[in-house]
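Each residue of the sequence shown is one higher than the one before, starting from -18 at the first, in our numbering.
We put the beta carbon where it would ideally sit given N, CA and C, even for glycine.
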Amino acid sequence: METDKDNYGRLNFVSSTTTNASSSFGGENATSNSTITQIPNAAMGPIIPEKGYLVEEIRDNLYWVTDGSYNTMFLVTDEGIVAINAPPSIGQNYLNAIAEITDKPITHVIYSHAHLDHIGAAGIFPKNATYIAHQDTSAELKRAMSLAKNDSTIPPIPTISFPNNYMLQIGNQTLNLDYYGDNHMPGNLFIYAPNQKTLMLVDVVFPGWVPFVYLAIAEDVAGFIKAHDIALNNYDFDTFVGGHLTRLGTRDDVITQQEFVSDLEKAAGKANSEVQFSDIAKQVGRFDNPWLLYSKYIDALDKNCVETMLSKWEGRLGGAQEFMSTHCFAMTEAGKVNPSVNAILQNNTMIASPN
Ligand SMILES: [Zn+2]
């Protein structure tokens, strides 16, 4: 992959978030905070051209396309294009990007998972293309179809769906679609291009940035944690496509986020053991409103965990200030109620204090 370090700059949406007090992106903290959050170098990506998107070859006829907020990839084969996902934020520009590279037809479409912010624009692709997804993705889209009064907004239902793994081979090009169970949501695939040593896993790892809020709204936090190990242990890759934000990733970005998540497990375990509900209840001093007690309890857990995490991560990954409390909430809460995450946090606590 060609990357020009000098060509990297701050994205428009990032600079407007951090300098324009009226911006709504980032929530209340960002709007009320007049200090400008520095974006770490690791979070910087390529400048997006005026036309609104950037398309670049990763390697050997595999391309990525980005608008600086979302990204995805497509593969040029002897027979035609295999397009992965269709983020609505890129929309029609996805077709423009492909047209810059080739006039071959789009013959295959792959969905990484069912979320509409990644596949909602799939209606731009030819109706006669082959649409491929995990069976859980297919089931969710069929459920949406059954509920919809206007089904034109629902991406095409997959023509091929599968329970575990699927290998798409066209000419000398290959994509492996692998499923290991729930992580971000049921059906979320590891999409691997072996010739190009490129792994795509959407909404799990965010190169240069902390994840989107609440561990990117992971439906299965233990599966989310495990997905980092699967990526690193099962795949020989040097380019990573995460589906979001400013730039492509590398193996090191996955290792960095694995370390971030491991630290979060320890910080959440520490908060859960140090902050006692009974102590908070005594401090509040009234017991007629359990939700008031819980809100103060959550605040205290949050404060404990965020302090531990920010000291190490705010200079290392983008968005740490803005989203850390959501990650702390996701991990402390899952650590209390989810048996698998509870076990993971307990293991960490035992390692931290062997006595
Ligand atoms: Zn998603």
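Reference residue i; option with closest CA among the options
{"i": "P86", "options": "F106, I71, E246", "result": "F106"}
{"i": "D244", "options": "A78, T330, L43", "result": "T330"}
{"i": "Q154", "options": "E60, M166, I100", "result": "E60"}
{"i": "A120", "options": "R232, H99, Y92, Q257", "result": "Y92"}
{"i": "M352", "options": "A208, T179, S133, N319", "result": "Residue 352 lies beyond the range of the chain shown here (-18 to 336); nothing can be said about it."}
{"i": "A208", "options": "N157, V235, I71", "result": "V235"}
{"i": "Y173", "options": "F221, T231, A64, I100", "result": "F221"}
{"i": "E246", "options": "P167, T231, Q327", "result": "Q327"}
{"i": "V36", "options": "N169, I82, S50, P69", "result": "I82"}
{"i": "N157", "options": "F171, D201, A324", "result": "F171"}
{"i": "K108", "options": "L213, S133, D201, K123", "result": "S133"}
{"i": "V46", "options": "N270, I79, I20, Q238", "result": "I79"}
{"i": "R232", "options": "V194, H225, V186", "result": "V186"}
{"i": "E38", "options": "R297, L229, M290, H165", "result": "L229"}
{"i": "L223", "options": "I198, V194, V183", "result": "It should be noted that the sequence gives Gly, not Leu, for residue 223. The residue with the shortest Cα to Cα distance from G223 is V183."}
{"i": "E288", "options": "R297, A199, S306, V194", "result": "S306"}
{"i": "N323", "options": "P21, V202, A67", "result": "V202"}
{"i": "N215", "options": "V194, T237, P175", "result": "P175"}
{"i": "M166", "options": "V194, D159, E200, Y160", "result": "E200"}
{"i": "M312", "options": "H94, V194, G300", "result": "V194"}
{"i": "I65", "options": "H89, L128, F205", "result": "H89"}
{"i": "I206", "options": "I325, P68, Y51, S70", "result": "I325"}
{"i": "Q19", "options": "E314, S50, G299", "result": "G299"}
Residue range of the beta strand (DSSP E) that includes residue i
{"i": "Y112", "result": "111 to 115"}
{"i": "S142", "result": "141 to 143"}
{"i": "I91", "result": "87 to 91"}
Residue i, enclosing alpha helix (DSSP H) - first and last residue
{"i": "Q302", "result": "301 to 318"}
{"i": "V186", "result": "Unbroken run through V186: none, as it is neither H nor E."}
{"i": "V242", "result": "232 to 255"}
{"i": "P271", "result": "271 to 294"}
{"i": "E81", "result": "74 to 82"}
{"i": "Q264", "result": "258 to 265"}
{"i": "H99", "result": "97 to 100"}
Straight-line gap, residue i to residue j (C-alpha atoms, nearest Å)
{"i": "S259", "j": "S276", "result": "13 Å"}
{"i": "H308", "j": "L196", "result": "6 Å"}
{"i": "L43", "j": "Q177", "result": "7 Å"}
{"i": "N285", "j": "V256", "result": "8 Å"}
{"i": "F218", "j": "W272", "result": "47 Å"}
{"i": "A103", "j": "P137", "result": "7 Å"}
{"i": "K263", "j": "L274", "result": "9 Å"}
{"i": "I211", "j": "F268", "result": "46 Å"}
{"i": "F241", "j": "A23", "result": "14 Å"}
{"i": "F304", "j": "W294", "result": "12 Å"}
{"i": "S321", "j": "D117", "result": "22 Å"}
{"i": "F310", "j": "G72", "result": "33 Å"}
{"i": "S292", "j": "E31", "result": "37 Å"}
{"i": "N145", "j": "G162", "result": "9 Å"}
{"i": "M25", "j": "N319", "result": "35 Å"}
{"i": "S57", "j": "D84", "result": "Reading the sequence as shown, one finds Val at residue 57 and not Ser. Answer to the nearest angstrom: the Cα atoms are 10 Å apart."}
{"i": "S5", "j": "L97", "result": "In this prediction, S5 scores a pLDDT of 38, lower than 50, which makes its location untrustworthy; the coordinate-derived value is nonetheless stated afterwards. Each residue's alpha carbon lies about 22 Å from the other."}
{"i": "M126", "j": "I28", "result": "38 Å"}
{"i": "M290", "j": "A248", "result": "7 Å"}
{"i": "Q302", "j": "Q238", "result": "16 Å"}
{"i": "H99", "j": "G266", "result": "47 Å"}
{"i": "K123", "j": "I261", "result": "46 Å"}
{"i": "Y34", "j": "R297", "result": "26 Å"}
{"i": "P21", "j": "L213", "result": "24 Å"}
{"i": "L76", "j": "I62", "result": "11 Å"}
{"i": "N52", "j": "H225", "result": "5 Å"}
{"i": "P69", "j": "D48", "result": "11 Å"}
{"i": "T227", "j": "A67", "result": "17 Å"}
{"i": "D164", "j": "S50", "result": "Sequence check: residue 164 is Asn here, not Asp. One C-alpha to the other measures close to 22 Å."}
Could you tell me whether the stretch 279 to 299 touches the stretch 246 to 259, where touching means 3 or more Cβ pairs closer than 8 Å?
-> yes
Every unbroken beta strand (DSSP E) within the stretch 192 to 228, with a cutoff of 3 residues, ordered by chain | 220 to 222
Unbroken beta strand (DSSP E) runs of length 3 or more, entirely within the stretch 35 to 65: which are they?
-> 35 to 40, 43 to 47, 52 to 57, 62 to 65
Quick one: complete beta strand (DSSP E) runs, 3+ long, within the stretch 139 to 179?
-> 141 to 143, 146 to 151, 154 to 159, 171 to 174
Check whether the stretch 185 to 196 touches the stretch 141 to 154, taking contact to mean three or more Cβ pairs, one atom from each stretch, closer than 8 Å.
-> no
Kindly confirm or deny that the stretch 130 to 143 and the stretch 99 to 114 touch, where touching means at least three C-beta pairs closer than 8 Å.
-> yes
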